[in-house]
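Q: Heads up: the sequence shown runs through residues 1 to 245, numbered per full-length UniProt numbering. Each residue gets a CB set at the ideal place from its N, CA and C atoms; glycine is no exception. Remember, predicted model here, so these are calculated numbers, not experimental data. Questions regarding the structure given below will be posed in turn.
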Amino acid sequence: MKHIDYLEEYLEELPEGYVFTHDEFKDIPGSEEAIERYLNSLSRKGTINKLAKDKFYKPLIAVEEDLSLKPYEVVKDFLFKDGKQIGYLTGVSSIAALSFDHTNPTQIELGIAEVRNPLKRGPFKITFIKQENPIVPAHIPYFRVLDVLRFIHKTTVVTPDEMCFYITQRLTAFTGREHQTLIKLAKAYNARTRALTGALIEKIGYIKPEVLELLKASIAGCTSFTYHIASKNLPNAKNWKIICD
Numbered sequence: 001m002k003h004i005d006y007l008e009e010y011l012e013e014l015p016e017g018y019v020f021t022h023d024e025f026k027d028i029p030g031s032e033e034a035i036e037r038y039l040n041s042l043s044r045k046g047t048i049n050k051l052a053k054d055k056f057y058k059p060l061i062a063v064e065e066d067l068s069l070k071p072y073e074v075v076k077d078f079l080f081k082d083g084k085q086i087g088y089l090t091g092v093s094s095i096a097a098l099s100f101d102h103t104n105p106t107q108i109e110l111g112i113a114e115v116r117n118p119l120k121r122g123p124f125k126i127t128f129i130k131q132e133n134p135i136v137p138a139h140i141p142y143f144r145v146l147d148v149l150r151f152i153h154k155t156t157v158v159t160p161d162e163m164c165f166y167i168t169q170r171l172t173a174f175t176g177r178e179h180q181t182l183i184k185l186a187k188a189y190n191a192r193t194r195a196l197t198g199a200l201i202e203k204i205g206y207i208k209p210e211v212l213e214l215l216k217a218s219i220a221g222c223t224s225f226t227y228h229i230a231s232k233n234l235p236n237a238k239n240w241k242i243i244c245d
């Protein structure tokens with residue numbers, strides 16, 4: 001059987017929407033150059049789609065091109081290195097329970113340890129958020145909340161009031177221990193994020209005041225922070241040097 005036949009059989013077994021490179025076929029007979037040429041020819045025919053250089057995927061049948069891809073498939077090469085997690089999906093689009101109809105499906109945000117410039121893969125715009133805390137899988141749910149709060153004033157897919165309401169619901173479901181973990185991780189974020197995190201947790205009322213004082217002390221020397229959030233949604237804003245408008 002020719003190496004082309006092996007490739008066709010292998011591709012047939014790959015799931016739709018799965019992103020792959022020519023490295024997937026290293027055990028199949030044939031040179032690397034020949035395999036790459038064949039994949040590019042299939043891409044030109046529309047049998048597979050090309051996402052970026054040496055990145056292809058099988059499109060879903062009867063689904064609009066590209067937007068059927070899951071964010072994880074688009075960026076999975078940024079998430080792990082040598083079996084260790086080095087990045088995570090974050091931002092508005094990463095929160096599974098988020099149900100805003102106007103969320104942008106082509107915007108993907110990643111938390112990573114190093115600074116990287118934004119890039120595009122097909123229709124997807126990928127931006128990177130530097131994570132100062134060590135990236136530990138158990139802490140990723142907290143990072144996602146903190147990242148959203150960090151950029152709540154820049155989001156264009158939902159209003160700060162909508163996101164504030166949503167995050168309050170999320171935090172209400174956290175236990176007291178989880179709130180303490182969130183506070184601990186928030187200390188590595190900027191003062192503006194620390195202030196909003198503290199105000200939301202204090203609003204819920206699960207944490208002892210002395211625990212929150214440690215976070216409050218970290219913004220003691222800062223000026224005020226303005227948010228486009230209604231005061232009724234953040235009734236204790238003044239305690240955290242937050243001005244609502």
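Here's the rule: buried if 16 or more other CB atoms are within 10 angstroms of the residue's CB, otherwise exposed. What is Thr-193?
A: Classification for Thr-193: buried.
Q: What span of residues does the alpha helix (DSSP H) with Gly-176 cover, start to end?
A: Unbroken alpha helix (DSSP H) run through Gly-176: 176-186.
Q: Compute the distance between the beta-carbons of Leu-51 and Pro-71, then report whether it is under 7 Å.
A: No, the Cβ-Cβ distance between Leu-51 and Pro-71 is not below 7 Å.
Q: By the DSSP assignment, the alpha helix (DSSP H) with Gly-198 in it spans what residues?
A: Segment 191-204, the alpha helix (DSSP H) holding Gly-198.
Q: Determine which residues share a DSSP beta bridge with Ala-19 and list them.
A: One detail in the question is off: residue 19 reads as Val in this sequence, not Ala. DSSP, once it has assigned bridges, lists Tyr-57 as partnering Val-19.
Q: Which stretch, first to last residue, makes up the alpha helix (DSSP H) that contains Thr-168?
A: Per DSSP, Thr-168 belongs to the alpha helix (DSSP H) from 160-172.
Q: Are the beta-carbon atoms of Phe-78 and Phe-56 separated by less than 7 Å?
A: Result no, Cβ atoms of Phe-78 and Phe-56 do not sit closer than 7 Å.
Q: If you draw a straight line from the C-alpha of residue 253 to the C-alpha of Lys-184, how long is it?
A: Residue 253 is absent from the model: the chain starts at 1 and stops at 245.
Q: Who pairs with Ile-108 in a beta bridge, going by DSSP?
A: Its beta-bridge partners are Ile-126.
Q: Alpha helix (DSSP H) containing Ala-237: first to last residue?
A: Careful: Ala-237 lies outside any alpha helix (DSSP H) and carries neither H nor E.
Q: Roughly how far, in whole angstroms, is the beta-carbon of Arg-121 from the beta-carbon of Val-74, given that I think they are within contact range, below 8 Å?
A: Going by Cβ atoms, the distance from Arg-121 to Val-74 rounds to 6 Å, so yes, they are a contact pair.
Q: Hey, would you say Leu-214 sits closer than 7 Å to Leu-171, going by beta carbons?
A: Their beta carbons are not under 7 Å apart, which means Leu-214 does not touch Leu-171 by this criterion.
Q: Tell me whether Leu-212 sits in a helix, a strand or coil according to DSSP, three-state version.
A: Here Leu-212 sits in helix by DSSP.
Q: Exposed or buried, which one is Gly-46 when buried takes at least 16 other CB atoms within 10 Å?
A: It counts as exposed.
Q: If you count every other CB in all the chains shown that lies within 10 Å of the CB of His-228, and 16 or more means buried, which is it?
A: Classification of His-228: exposed, given that the 10 Å Cβ count is below 16.
Q: Over the uninterrupted beta strand (DSSP E) stretch that includes Arg-116, give me the two end residues.
A: It is not in any beta strand (DSSP E) - Arg-116 carries neither H nor E in the DSSP assignment.
Q: Considering only their Cβ atoms, is the gap separating Leu-234 from Cys-244 smaller than 7 Å?
A: Yes, the Cβ-Cβ distance between Cys-244 and Leu-234 is below 7 Å.
Q: Taking Lys-187 and Ser-218 to be in contact with their CB atoms under 8 Å, please state how far apart those CB atoms are, rounded to whole angstroms.
A: Going by Cβ atoms, the distance from Lys-187 to Ser-218 rounds to 6 Å, so yes, they are a contact pair.
Q: Using the beta-carbon count (16 or more within 10 Å), is Thr-197 buried or exposed?
A: So Thr-197 counts as buried.
Q: Near Asp-27, what residues of its chain come up, given a Cβ to Cβ distance below 8 Å and the 5 sequence neighbours on each side ignored?
A: There are no such residues.
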